[in-house]
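Here's the structure we're looking at; comments come further down.
In the numbering used here, the protein residues as written are 142 to 329.
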């Protein structure tokens with residue numbers, strides 16, 4: 142009878158060990174589930190925070206852009222008051238120039254009926270208006286029917302000077318006695 146009793150105790154111990162082992166691995170699954178939820182939450186939170194930061198930066202940059210536009214208007218008023226085309230300043234250059242006139246064909250059929258050969262570019266089997274030739278023609282003669290002229294407007298631009306350490310592809314020394322190269326960067 143002792144053998145049976147020992148066998149039963151051994152079987153019970155093995156069964157409890159299997160149950161504990163399954164419980165342990167089930168606990169590991171539960172931990173993985175919790176960690177996965179934490180990872181998803183972290184990503185969700187980071188997206189919300191990034192969105193808030195982006196909104197803040199967009200708002201701040203919009204304010205800064207408005208200030209830049211206000212300063213540009215002051216610069217434009219200054220160059221118009223001086224009645225000069227170009228003003229060179231230590232931190233940049235102000236320019237006022239007229240854009241070229243723009244030629245548009247409003248009615249292609251009407252234009253082609255009255256167009257002079259010097260106003261056209263001949264493409265085999267078709268005719269296409271040559272806007273540059275029309276613009277040159279209009280300088281000395283009346284505007285042909287079907288053509289609309291949009292007069293070029295005066296435009297204000299400026300360039301900021303930036304210090305650069307390179308000149309002609311070579312690195313240039315900076316410091317006492319070294320002259321720094323200045324490049325112009327267009328800002329519109």
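Every residue gets a Cβ at the ideal spot worked out from N, C-alpha and C, and that includes glycine.
On a predicted model such as this, the values are computed, not experimentally measured, just so you know.
Taking 7 Å as the cut-off, is the beta-carbon of residue 295 closer than that to any non-hydrogen atom of the ligand FMN? You won't find the ligand FMN in this model; it holds no ligand whatsoever.
Beta-carbon proximity check, residue 295 vs residue 237, cutoff 8 Å: yes
Given 8 Å, three or more beta-carbon pairs between the region 244-252 and the region 272-289: yes
Helix or strand or just coil, what does DSSP make of residue 306? Note that residue 306 has pLDDT 39, beneath the 50 cutoff, so the model's placement of it is unreliable and the number below is only indicative. Coil at residue 306, not helix or strand.
Which term fits residue 193, buried or exposed, when burial requires 16 or more other beta carbons within 10 angstroms of its beta carbon? exposed
Rounded to a whole number of angstroms, what is the C-alpha to C-alpha distance between residue 340 and residue 203? Missing from the structure shown is residue 340; the chain here goes from 142 to 329 and no further.
Uninterrupted beta strand (DSSP E) stretches inside the region 192-280 (no shorter than 3 residues): 227-230, 233-239, 243-246, 261-264 and 267-270
From this set, 292, 210, 187 and 256, which residue's C-alpha is nearest residue 275's C-alpha? 256
Evaluate residue 244 with the Cβ neighbour count: other Cβ atoms within 10 Å of its Cβ, from every protein chain shown; 16 or more gives buried, anything less gives exposed. buried
Measure the C-alpha to C-alpha separation of residue 302 and residue 292 and round it to an integer number of angstroms. 32 Å
Using a Cβ-Cβ cut-off of 8 Å (strictly less than) and excluding sequence neighbours within five positions of residue 216, which residues of its own chain qualify? 235, 297 and 299
Within 10 angstroms of its Cβ, does residue 270 collect 16 or more other Cβ (buried), or is it exposed? buried
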